[in-house]
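Only one structure is covered here, and it is reproduced in the block below.
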Amino acid sequence: MAVPAGMDLLRLSTVGSVDDGKSTLIGRLLYDSKEIFEDQLAAVERASLKRGDGYVNLALLTDGLRAEREQGITIDVAYRYFTTPRRKFIIADTPGHVQYTRNMVTGGSTAQLSVVLIDAREGVKEQTRRHAVIASLLDIPHLVVCINKMDLVDWSESAFAEARDEFAAFAARLDGIRETTFIPVSALHGDNVVTGTDRMPWYAGPTLLGHLETVDVADRTDWTRRRFPVQWIIRPMTGAHHDYRAAAGRIEGGMWRPGDEVLALPSGGRSRVHSIVTYGGLLDEAFPPLSVAITLEDDIDAGRGEMLVGPESPPLVATELTANVCWMTDRPLEIGGRYSLKHATRTVRAIVVGIQHRLDINTLAQIEDVTSLGLNEIGLVDLRLSMPIPADAYRDNRTTGSFILIDESTHVTVGAGMIVRGRPYEPAEYTI
Amino acid sequence: MASVDHVAAAAPAHPRVSHLDELESESIHIMREVAAEFDRPVLLFSGGKDSIVLLRLAEKAFRPARFPFPIMHVDTGHNFPEALAFRDARIAELGERLMVASVQESIDRGRVQEEPGHDPSRNRLQTTTLLDAIAEHKFDALFGGARRDEEKARAKERIFSHRDAFGQWDPRNQRPELWSLYNGRLHRGEHMRIFPISNWTELDVWSYIAREQLEIPSIYFAHRREVVKRDGMWLAVGPSIHPLPRERAECLTVRYRTVGDMSCTGAIESTAATLSEVIAEVAAARITERGATRADDAVSEASMEDRKREGYF
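So the sequences go chain by chain: A and B.
Residue numbers for the first sequence, in this note's numbering: 59 to 490.
Residue numbers for the second sequence, in this note's numbering: 315 to 627.
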């Protein structure tokens, strides 16, 4: 099967609690859609036999690391790829253990759709709620809830309905999720994963793969507000290109055309787009997510860390931010803590000046009077920055609205931030 | 500041790019981040199809300027002559700088010893050669053409993959990698392996080679070759593979799905002589490229994970 040139890409994440059968579901999805190769299957058959599983354990297809196979758990985000005649899929397969929730945020950060698993016997658990909350915070517009192990509840419609209603009641209280689809499945036996089933005649909806192939993915791209974080300046300084100077980067918002006015932030320089350059030639028009190089009419300061934007709809140039922060390391985030903050192509220093609340993911209560955030906790945090950054709200633009926090001594990524609002830096003419 | 209405309101059809355009753009973005954030990057080139794609992506990321990094080949001394000839021609065409790190030199200097046995593979030895070259040139970022669809341990690896001062990968202690915000911070002596085509599959690579009309070494296409069956694979008879008395060399029509070390890269029987025939064959394949062609991965369930922990690519 040759890949049609016009085929699009769907990035999804999968989350499930321990023993929900998530690895089995993905193994089933890959196996039944013929993405599993014979040598991979032979390795799984050998490993299943060695473990005494008594059946071909499809979960072993995705458990890649030694400790995972030994303990029968999934440790880290694993990326899977499969292609059908309709779409190419990238799955970020993330574990549901409490201690690895940071991986769930990692896997979800690039996802357009998230598959959540619920064990039909157990209904919604703390992990399920956590996943829904994270999907909401990350602004993943589509959720697919697979109610699994239907074989263990006698294919019962009422067990399905109970789990569905329990989840729907919780999800209704979350922002950001625009569409939720419920599918009763048995990952172990394959019902409703790739092929349908006659064991649940009460269900008339699509299979999981059928849904993934046809879902009309909500467009998270901002097509109006122009954003172009400058990564690198291309300056050949050789004969034919002696005066050539282009700002290289990826377009993160808006439609760009030669002649457009541009504002460079935070420096404030103004110019116009002279040309949009790619290896294949000049473009009349460029848009997300293309990587291009932009030459300007004037010689303004627009190096790495600057963002070229449309002056008609600029971001906020902020030195104070309020953001939802997911904390990802053992040593807690504390008021007064100092970190490096990487936003788009700019890295500044940040100090935590306050924690407005911590989110209780079970009750969605906002707990005030907290002074720290522990591993896997999420809170609304006030930060003051050493230098201004051009920022959007995360809800408006995933790229210019997100940042990571880096520990300056260990160099580890310790926090993921989604900007809610900011306070303007001088001059105060920009507002969002 | 928070307003979501405009997203829902922006309903009219907007341009959509194909999956190959989106993958290409992501890879270019990664390469430019590395150029900007590291002091001494280097691009590892093997002559294989994945690193051939990397070179085209580097052209797209940095032309009309020169690449802001050199290109390095780790030479096991067991290369296919066709791959070496291709390497030299392609580098000359690009006008970029090539460095060669030689496993033979590591052996001659006593850094490593040839493994015992008949027709030893140098696959494992090249880890030392690579780590020595990193230390000598103080490289802090190494581009590689590895893909996550290749192998189970690679499926769990980050795009910016951290290596400690001993060159080791710690799969249980990887940095979270969010959005397209890559954390390239290093302590002294550490380095980062960078995998710009992590999200590409074998079929994506071939489709891109066809779209970009990239030249590839001739051994990817069907040709007659003297081969011998060993450990279930067709190995090329030549300077690194000598048939044992009980083995029978045969002349078959074969091609290679990967280009690696001659001592451990197997050929497949194939008549695919053009790019479109190769793509049709890859799309219909029922065995992974590593399973079909790499003796080194078959050693144990976790052999790639173990080699990666030691600093292998």
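Don't be surprised by glycine CBs; every beta carbon is placed ideally from N, CA and C.
If I measure Cβ to Cβ from residue i and keep anything under 8 Å in the same chain, skipping five residues before and after, which residues do I get?
i        : result
A/Ile477 : Leu379, Thr380, Ala381, Ala449, Asp450, Ala451, Tyr452, Gly459, Ser460, Phe461
A/Asp151 : Ser71, Thr72, Lys80, Ser81, Ile84, Thr120, Thr132, Val135, Ala136, Tyr137, Arg138, Gly165
A/Ala276 : Gln170, Pro199, His200, Arg236, Glu237
B/Met413 : Val356, Pro384, Ile385, Met386, His387, Ala447, His451
B/Ser521 : Leu334, Ile593
A/Tyr302 : Ile292, Arg293, Pro294, Thr353
A/Pro62  : Since pLDDT at A/Pro62 reaches only 45, below the 50 mark, its modelled position is unreliable, and the value read off the structure follows with that caveat. Cβ neighbours of A/Pro62 beyond the five flanking positions: Pro143.
A/Ala60  : Unreliable placement is indicated for A/Ala60, whose pLDDT of 39 sits below 50; the coordinate value is still reported in the next sentence. Hits under 8 Å: none found.
Looking at the unbroken beta strand (DSSP E) that takes in residue i, where does it start and where does it end?
i        : result
B/Lys374 : Taken as a continuous stretch (DSSP letters only), B/Lys374 belongs to no beta strand (DSSP E), being part of the alpha helix (DSSP H) at 363–376.
A/Gly85  : It is not in any beta strand (DSSP E) - A/Gly85 instead sits in the alpha helix (DSSP H) that spans 80–90.
A/Thr405 : 404–417
A/Ser325 : Run containing A/Ser325: none; DSSP gives neither H nor E here.
B/Thr572 : Run containing B/Thr572: none; DSSP gives neither H nor E here.
A/Glu237 : 237–242
A/Ala305 : 304–308
A/Thr72  : 66–73
A/Leu270 : It is not in any beta strand (DSSP E) - A/Leu270 instead sits in the alpha helix (DSSP H) that spans 266–272.
Apart from the five residues on each side of it in sequence, which residues of its chain come closer than 6 Å, Cβ to Cβ, to residue i?
i        : result
A/Arg69  : Ile148, Thr168, Ala169, Gln170
A/Met445 : Val406
A/Glu319 : Arg330, Pro369
A/Gly394 : none
Quick check on the DSSP output: the alpha helix (DSSP H) that includes residue i runs from which residue to which?
i        : result
A/Pro373 : Premise fails: A/Pro373 is in no alpha helix (DSSP H) and is neither H nor E.
A/Ser172 : Element bounds for A/Ser172: not the alpha helix (DSSP H) but the beta strand (DSSP E), 171–177.
B/Pro395 : 395–408
B/Phe457 : Counting along the chain, B/Phe457 falls outside any alpha helix (DSSP H), though it belongs to the beta strand (DSSP E) covering 455–457.
B/Ile593 : 589–598
B/Phe480 : Note, B/Phe480: premise wrong, no alpha helix (DSSP H); not H, not E.
A/Gly165 : 159–166
A/Asp188 : Correcting the residue type first, residue 188 of chain A is Arg in the shown sequence and not Asp. Unbroken alpha helix (DSSP H) run through A/Arg188: 184–195.
B/Glu338 : 333–351
B/Trp520 : 516–526
B/Gln440 : 440–451
A/Val251 : Neither: A/Val251 is in no alpha helix (DSSP H) and is coded neither H nor E.
B/Gln418 : 417–422
A/Asp25  : This structure leaves residue 25 of chain A out entirely; chain A is present only between 59 and 490.
Please go through the same chain and pick out, in chain order, the residues whose beta-carbon is closer than 7 Å to the beta-carbon of residue i, but skip the five residues on each side of it.
i        : result
A/Thr159 : Arg188, Asn434
B/Pro557 : Val542, Val551, Ala563
A/Thr282 : Gly312, Ser371
B/Leu517 : Val596, Ala597
A/Glu271 : Thr142, Arg144, Arg145
A/Ser430 : Pro390, Leu391, Glu392
A/Thr253 : Asp90, Thr265
B/Lys470 : Pro485
As a quick exercise: from the options, pick the residue whose alpha carbon is nearest that of residue i.
i        : options                                : result
A/Ile425 : A/Arg416, A/Glu319, A/Gly327           : A/Arg416
B/Thr585 : B/Cys578, B/Ser577, B/Leu566, B/Thr579 : B/Leu566
A/Leu330 : A/Val191, A/Leu232, A/Pro316           : It is Arg, not Leu, that sits at residue 330 of chain A in the sequence shown. The option with the nearest alpha carbon to A/Arg330 is A/Pro316.
A/Trp314 : A/Trp290, A/Arg285, A/Leu323           : A/Arg285
A/Gly326 : A/Ala305, A/Ser333, A/Thr468, A/Ile447 : A/Ile447
A/Val273 : A/Asp440, A/Arg144, A/Thr296           : A/Arg144
A/Gly412 : A/Asp418, A/Thr255, A/Leu422, A/Gly437 : A/Gly437
A/Glu310 : A/Met365, A/Gly297, A/Leu341           : A/Met365
A/Pro242 : A/Trp213, A/Arg231, A/Thr387, A/Asp223 : A/Trp213
A/Pro373 : A/Gln98, A/Pro482, A/Gly473            : A/Pro482
A/Arg179 : A/Ala423, A/Trp260, A/Val211           : A/Val211
A/Val375 : A/His401, A/Thr387, A/Val350, A/Glu466 : A/His401
Can we say the region 183–190 of chain A touches the region 79–91 of chain A, given the rule of at least three CB pairs closer than 8 Å?
They do not touch, by the three-pair rule.
What residues in the region 531–550 of chain B have a beta carbon less than 8 Å from any beta carbon of chain A?
none
Taking beta-carbon pairs under 8 Å, can you tell me which members of the region 454–472 of chain A lie near chain B?
Asp454, Arg456, Thr457, Ser460, Phe461, Ile462, Ile464, His469, Val470, Thr471
Three or more beta-carbon pairs under 8 Å between the region 512–519 of chain B and the region 483–503 of chain B, yes or no?
no
What residues in the region 343–369 of chain B bring their beta carbon closer than 8 Å to a beta carbon of chain A?
His343, Arg346, Glu347, Ala349, Ala350
With 7 Å as the limit, tell me which residues of the region 463–478 of chain B have their beta carbon closer than that to any beta carbon of chain A; keep them in chain order.
Listed in sequence order: Asp463, Lys466, Ala467, Ala469, Lys470.
Does the region 259–277 of chain A touch the region 338–354 of chain A, meaning 3 or more C-beta pairs lie closer than 8 Å?
no
Between the region 349–364 of chain B and the region 515–533 of chain B, can you find at least three pairs of beta-carbon atoms closer than 8 Å?
yes
Does the region 245–252 of chain A come close enough to the region 202–214 of chain A to have 3 or more Cβ pairs within less than 8 Å?
At 8 Å Cβ cutoff, the stretches touch.
Output, in sequence order along the chain, the residues in the region 338–369 of chain A whose CB is closer than 7 Å to any CB in chain B.
Phe345, Pro347, Leu348, Ser349, Arg362
I want to know whether the region 284–303 of chain A touches the region 257–264 of chain A - three or more CB-CB distances under 8 Å.
no
Please list, in chain order, the residues of the region 447–461 of chain B that have any C-beta partner in chain A closer than 8 Å.
none
Does the pairing of the region 435–449 of chain B with the region 341–352 of chain B give three or more beta-carbon distances under 8 Å?
Segments in contact, no.
Interface positions of the region 375–399 of chain A facing chain B (Cβ-Cβ less than 7 Å), listed along the chain
Met386
Using a Cβ cut-off of 7 Å, which residues of the region 283–299 of chain A contact any Cβ in chain B, in chain order?
Listed in sequence order: Gln289, Trp290, Ile292, Arg293, Pro294, His299.
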